[in-house]
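Data block below; observations after.
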Amino acid sequence: MLYNLTQANAIETTTDCLIVGIYENAPLTLSAKHIDEKTHGFITELFKHGDTSGKLGQTLMLHKLPSINAKRLLLIGCGKAGQLTAIQYSQLINQAFTTIQTTGAQDISCYLTEIEVEQRDESWKVKQIVEQASYTQYRFNQFKKQPAPTSKLQRISIYTKTATEKALSEGNAIGKGINLTRDLGNLPPNICTPNYLAEQALQLAKTYPAIKAEILDVAAMEKLGMGALLAVAQGSHNPAKFIILHYAGNTAEQAPIVLVGKGVTFDTGGICIKPRENMDEMKFDMCGAASVFGTFLALAELKLPLNVIGLIPAVENMPDGLAYRPGDIIKSLSGQTIEIMNTDAEGRLILCDALTYAERFKPAAVIDIATLTGAIIIALGFHTTGLFSNNANLADQLLAAANESNDAAWQLPYHAQYQEALNSNFADMVNSAGRDAGSISAACFLARFTENYPWVHLDIAGTAWKTGKEKGATGRPVALLVQFLLNHTKQGK
Ligand code: BES
Ligand code: MN
Ligand code: ZN
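According to this note's numbering, the sequence shown is numbered sequentially starting from 1.
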């Protein structure tokens, strides 16, 4: 896809399709007004005859309007002026592109930057337009004889007075990162194994010279003492891999940000096996890992002047004669012992060893991203990522990035009283504390391994993929993570 910025008046633009917003009960946007004047009141008449009302989400495609150069005009209802939220704005853009894709339009000119969104400037809107364009262009076709039709769209011009190329390149890099994350998430678990993820890391390093990849095999992990990670992996014929990504965008003195992604390529629950309903969706249990890959891709595309480390514990959680069992006591890399109560609480076991491993980088901050608990869906549903942190300043930075990137997150508490539920009669802790506040007790578990650095835990079990008819990975929270890194660069930290 080619993107460019334009300052051209809508009525003069030669394009396959103009996209223009119209409000409900409010004056026409500048471009709508220009078109209306040039066409002797065409849009005013549409309103008058009730063919459009400007209601939020309404679309109207018009062909061959007299006196303007564009072949088509797509009018998008933007609701009442001054009331559009950032999320509604991105939904509108999504709808516009979805509509365009059903036409033969190859190049379009988008004037939706004229629409007011509270607290968002033109650069933000340009970025959203590029991100949504890339999001709606995505298809996962590699296993279909009859692939889903792709759109004809090749070029997108975006009208702006103030935004610069930077907004385009940021949107483009984030869009690419998101789509890589979706691809990895959507792959079937018989293909996307721990070894496959390791190969993807090597591939990423091959494509981008600023990225280096290092893979630890089972023997290396045994030598280090990653007993928790290896316990989860021991029931699978697909051997565990520990993937280390290095992105060096700054001098070695700069303390790195470490991103840790849960990489369970399939979660059966192990001996505490899951019920069969929707079990296929447990192929998405590596979406945290996939989001680290996507973020690294965006980082490298944008050449951000930061040092970032990616850690991906990659395993498959299977029931087997050799599988770990409830009652087992295992020893983590930190030296702390863990009594297994539930083999389905495996995410925290692979993460805890990765979080201990993170210490060696003397990180400025560590962020883990994990499809960790079904309970976060009970708490926050499918729209919002759960956020936990041991550092108020870091938490605020991530919440700000979530807001800015339209990739919502909400902070939950996990104070000391919740820790008691993790007490064990036989070991330093249990791995599962039962049903109450399930996402919080999972965070409490991880907190025992993150005392030596500022840390944020993102529980993406509700946001990483969609279930039902639109089943598929969403690429969240790549937009949030990249925005956090962009902001971090600006702060010069
Ligand atoms: N991968 C799951 C979490 C999950 C479940 C994500 C459903 C999305 C949908 C995780 O490994 C898990 O099984 N968690 C358990 C924890 C429990 C055993 C303490 C859960 O959420 O039930
Ligand atoms: Mn599980
Ligand atoms: Zn899991």
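All C-beta atoms in this analysis are idealised placements derived from N, C-alpha and C, irrespective of residue type, glycine included.
Residue pairing for H49: DSSP places it in no beta bridge. Judged by beta-carbon spacing, L46 lies within the 8 Å limit of T52, meaning their Cβ atoms are closer than that value. Taking C-alpha positions only, Q417 is separated from A427 by approximately 19 Å. At a cut-off of 7 Å, the beta-carbon of N307 does not count as near the ligand MN: no heavy atom of the ligand is closer than that.
Annotation for P194: the continuous alpha helix (DSSP H) segment containing it runs 194–207. Measuring C-alpha to C-alpha distances from Q106 to each of I156, L180, A437 identifies I156 as the nearest. The C-alpha of N425 is placed about 29 Å away from the C-alpha of S236. Contact between the segment 178–192 and the segment 23–43 is absent: fewer than 3 CB-CB pairs across the two stretches fall below 8 Å.
Shown here, Y159 sits in a strand according to DSSP, grouped into three states. Taken through DSSP and simplified to helix, strand or coil, S109 comes out as strand. Between K262 and T371, the beta carbon gap of about 6 Å places them in contact (Cβ cut-off 8 Å). The C-beta distance from W465 to F284 rounds to 4 Å, short enough to meet the 8 Å contact threshold. Burial is judged here by how many other beta carbons sit within 10 angstroms of a residue's own beta carbon; I271 has at least 16 and is buried. Rounded to whole angstroms, the gap between the alpha carbons of G54 and Y159 is 20 Å. In this structure, I174 sits away from N406, with a CB-CB distance that is not shorter than 8 Å. With 16 or more other CB atoms across the displayed protein chains lying within 10 angstroms of its CB, H488 is buried. The C-beta of T113 has 16 or more other C-beta atoms within 10 Å across all chains shown, which makes the residue buried. In the three-state reduction of the DSSP assignment, T467 falls in the coil class.
Residue side-chain check: G104 keeps its Cβ at 7 Å or more from all non-hydrogen atoms of the ligand BES. The continuous alpha helix (DSSP H) containing G288 extends over residues 287–302. Here S67 is exposed, its C-beta having fewer than 16 other C-beta atoms within 10 Å. Shown here, M221 sits in a helix according to DSSP, grouped into three states.
Exclusion of E253 from the 7 Å shell around the ligand ZN follows from its C-beta lying no nearer than that to any non-hydrogen atom of the ligand. With distances taken between CA atoms, N307 lies nearest to F296 out of N317, F296, A228, K80.
In chain order, the residues that have a beta carbon nearer than 5 Å to some heavy atom of the ligand ZN are V264, D267, D285, G347.
Taking each of Q200, L56, A231 in turn and checking the Cα distance to L349, the smallest one comes out for A231. Boundaries of the alpha helix (DSSP H) around R182: 165–186.
In this structure, DSSP gives K71 a state outside helix and strand, which the three-state scheme calls coil. Our two residues, D328 and L56, have alpha carbons roughly 56 Å apart in a direct line.
Judged by DSSP in its simplified three-state form, D368 adopts strand. Closer than 7 Å to some heavy atom of the ligand MN: that describes the Cβ of D344. Taking C-beta separations shorter than 6 Å and ignoring five residues to either side along the sequence, the partners of A442 in its chain run R348, L372, T373, following chain order. The criterion of a C-beta distance shorter than 8 Å is not satisfied by T268 and P194. Assignment of T6 by DSSP, reduced to helix, strand and coil, places it in the strand class.
Counted as a single uninterrupted DSSP element, the beta strand (DSSP E) harbouring Q411 occupies residues 409–411.
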